[in-house]
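Numbers 65 to 277, taken from my numbering, label the letters of the sequence shown in order. No residue lacks a Cβ here, since even glycine has one placed at the ideal position from N, Cα and C. These numbers were taken from a predicted model, which means no experiment stands behind them. Here's the structure we're looking at; comments come further down.
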Amino acid sequence: LVRVQYPELAALEPADLDRLKTAVESLRGGALQVEAGGDLFFNFEQPETELGEIAGLLVAVLVLLLAFGSVVAAGLPIGTALLGLGIGVGSLGLVTYVVDIPAYATVMASMVGLGAGIDYALFVVTRHREHLDAGMGVVESVGLATATAGRSVVFAGGTVVVSILGLAVAGLPFLTAAGIAISLVVLVMVVAALTLLPAMLGLAGHRIDRWRV
65 LVRVQYPELA ALEPADLDRL KTAVESLRGG ALQVEAGGDL FFNFEQPETE
115 LGEIAGLLVA VLVLLLAFGS VVAAGLPIGT ALLGLGIGVG SLGLVTYVVD
165 IPAYATVMAS MVGLGAGIDY ALFVVTRHRE HLDAGMGVVE SVGLATATAG
215 RSVVFAGGTV VVSILGLAVA GLPFLTAAGI AISLVVLVMV VAALTLLPAM
265 LGLAGHRIDR WRV
């Protein structure tokens with residue numbers, strides 16, 4: 065076991081990982097097996113998760129279409145989650161000025177945030193459609209759905225944020241970074257479900273059940 069010690073992880077860049085990989089490859093050959101790992105890989109080697117995220121999103125779209133029976137109704141939770149995800153992941157760039165957020169933490173936050181965003185928006189959209197079916201006006205329905213289902217969203221999101229931030233107690237830097245990233249994105253998803261989604265529901269109005277499938 066050979067330990068490669070770097071002066072400071074925050075001062076490193078992806079080119080340092082490339083040089084390490086080149087050094088490892090130059091040592092491989094014959095009966096010698098050389099492998100490398102550590103914080104440098106955690107910080108700069110992004111896992112290939114794009115295909116999995118796309119597949120998960122397609123499954124979510126299919127499930128929502130079957131549940132709501134309307135393209136517009138199914139698209140609202142997806143749209144809210146995607147917009148919230150963009151804002152949340154973009155906000156991580158600002159956080160890096162204070163805390164080091166490696167690539168793997170951003171990937172984890174994206175996956176958890178997308179699922180949470182769809183779930184939270186689903187609460188509000190379902191309640192809104194129930195109110196419309198009962199004959200309530202659009203404005204009143206949106207307000208009541210946000211006030212009632214919104215409480216569940218705040219409680220669920222708050223529970224996730226507090227629980228994930230608890231990873232910092234472990235004292236492991238990679239868990240702390242992941243906890244901060246996930247908590248921030250989930251918090252943005254909660255805000256999106258309580259602000260952006262009601263605005264979209266108001267714009268959709270009674271057209272929420274258009275393009276039935």
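A Cβ-Cβ contact shorter than 8 Å links P262 with T210. Here F187 is near V217, since their CB atoms are less than 8 Å apart. Around the beta carbon of T86, fewer than 16 other beta carbons sit within 10 angstroms, so the residue counts as exposed.
T223 counts as exposed, since fewer than 16 other C-beta atoms from the protein chains shown sit within 10 angstroms of its C-beta.
S134 is bridged by DSSP to R276.
A check of alpha carbon separations from L147 across V226, V252, A268, F219 identifies V252 as the nearest.
DSSP places V163 outside both helix and strand once states are collapsed to three, so it counts as coil. Straight through space, the alpha carbons of A257 and R271 are spaced by roughly 19 Å. Note on A119: under 16 other CB atoms within 10 angstroms of its CB, so exposed under the neighbour-count rule.
Taking the Cα positions, V159 is about 8 Å away from I165.
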